[in-house]
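Asker: Position in the sequence shown counted from 1, then plus 15, gives you the numbering used here.
A virtual CB, placed ideally from N, CA and C, is assigned to each residue, including glycine.
None of these values were measured; they are calculated from a predicted model.
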Amino acid sequence: MEVTLPLTKEFVKTLKVGDVLYLTGYVYTCRDAGHKRIQEALARGEQSPVDWTNQLIYYAGPCPAPPGKVFNSNGPTTAARMDPFVEMMFQQGAVAMLGKGDRAPYVAELCKKYGGVSLLGVGGASAINAQKIKSAEIVAYADLGTESIKKLYFDRYRVIVGIDTEGNVLQKQEVAKYRRL
16 MEVTLPLTKE FVKTLKVGDV LYLTGYVYTC RDAGHKRIQE ALARGEQSPV
66 DWTNQLIYYA GPCPAPPGKV FNSNGPTTAA RMDPFVEMMF QQGAVAMLGK
116 GDRAPYVAEL CKKYGGVSLL GVGGASAINA QKIKSAEIVA YADLGTESIK
166 KLYFDRYRVI VGIDTEGNVL QKQEVAKYRR L
């Protein structure tokens with residue numbers, strides 16, 4: 016299914032586990048260090064440097080681009096490392112997260128509670144993934160290098176719905192068939 020970003024809560028509610036999506040539009044990267052900085056800022060009563068309303072958070076720390084390229088190798092990172100921050104990001108208005116691998120069981124409950132989804136990217140395909148990113152700009156925490164928050168433009172970036180808004184979870188044995196699509 017072709018999907019234009021940003022997402023809306025209404026649209027996200029129509030997605031079901033196993034749906035294959037081709038995303039086009041802007042997303043923001045955010046990994047461990049970025050999430051921790053946001054958490055610290057919120058604890059001090061400050062705002063996040065990004066308005067996460069209706070946004071997809073891409074768990075990625077892209078390698079610096081070689082001369083003449085928008086991006087170098089890029090792929091989703093292990094989503095489980097960001098599990099402690101999922102509720103905070105849903106509370107900030109995010110509606111989807113994109114990473115790879117299993118999530119803690121409570122993430123499915125948070126997706127249900129907040130009406131969000133967890134998307135799965137294909138790991139091990141970083142050169143192909145990089146071809147689907149047409150622009151990249153650092154928007155916050157530049158001092159974090161590859162873990163800075165970046166705004167990327169996806170052009171038909173392929174993902175699978177791993178957890179839907181009803182809390183349904185794509186089972187491991189089902190994931191292999193989607194790699195062939």
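Output the boundary residues of the beta strand (DSSP E) element that contains Ala-111.
Answerer: For the purposes of this step, residue 111 is identified with residue 96 of the sequence shown, where counting begins at 1. 111 to 114 is the span of the beta strand (DSSP E), which, as asked, contains Ala-111.
Asker: Hey, quick one: how far does the alpha helix (DSSP H) through Lys-128 stretch, first residue to last?
Answerer: The residue labelled residue 128 in the question sits at position 113 within the sequence shown. Annotation: the continuous alpha helix (DSSP H) that includes Lys-128 extends over 120 to 129.
Asker: How do the segment 175 to 184 and the segment 55 to 74 stand: do at least 3 beta-carbon pairs fall below 8 angstroms, yes or no?
Answerer: no
Asker: Let me make sure I understand the geometry here. Which of Thr-29, Tyr-41 and Thr-161 has the alpha-carbon closest to that of Lys-127?
Answerer: One-based indexing of the sequence shown puts residue 127 at position 112. Looking at the Cα atoms, Thr-29 is the closest of the given residues.
Asker: Considering Cα atoms alone, identify which of Thr-68, Glu-25 and Tyr-121 is closest to Tyr-41.
Answerer: Within the sequence shown, the letter at position 26 stands for residue 41. The residue with the shortest Cα to Cα distance from Tyr-41 is Thr-68.
Asker: My parser needs the alpha helix (DSSP H) runs of 4 or more residues fully inside the segment 34 to 70; what are they?
Answerer: List check, alpha helix (DSSP H) in window: 47 to 58.
Asker: List the DSSP bridge partners of Ala-155.
Answerer: As a first step, residue 155 must be located in the sequence shown, where it is residue number 140. Per DSSP, Ile-164.
Asker: Using the Cβ count rule (16 or more neighbours within 10 Å means buried), how would you classify Gly-160?
Answerer: Translated into the one-based positions of the sequence shown, residue 160 becomes position 145. Gly-160 is exposed by the Cβ-count criterion.
Asker: Met-112 and Leu-135: beta carbons closer than 8 angstroms?
Answerer: Taking the first residue of the sequence shown as position 1, residue 112 is located at position 97. Taking the first residue of the sequence shown as position 1, residue 135 is located at position 120. Result no, Cβ atoms of Met-112 and Leu-135 do not sit closer than 8 angstroms.
Asker: What span of residues does the alpha helix (DSSP H) with Glu-181 cover, start to end?
Answerer: Counting from 1 along the sequence shown, the entry for residue 181 is found at position 166. Careful: Glu-181 lies outside any alpha helix (DSSP H) and carries neither H nor E.
Asker: Beta-carbon within less than 7 angstroms of Thr-23's beta-carbon, same chain only, minus the 5 sequence neighbours each way: which residues are those?
Answerer: On the sequence shown, residue 23 is found 8 positions in, with the first residue counted as 1. Closer than 7 angstroms at the Cβ level, and outside the excluded window around Thr-23, lie Asn-69.
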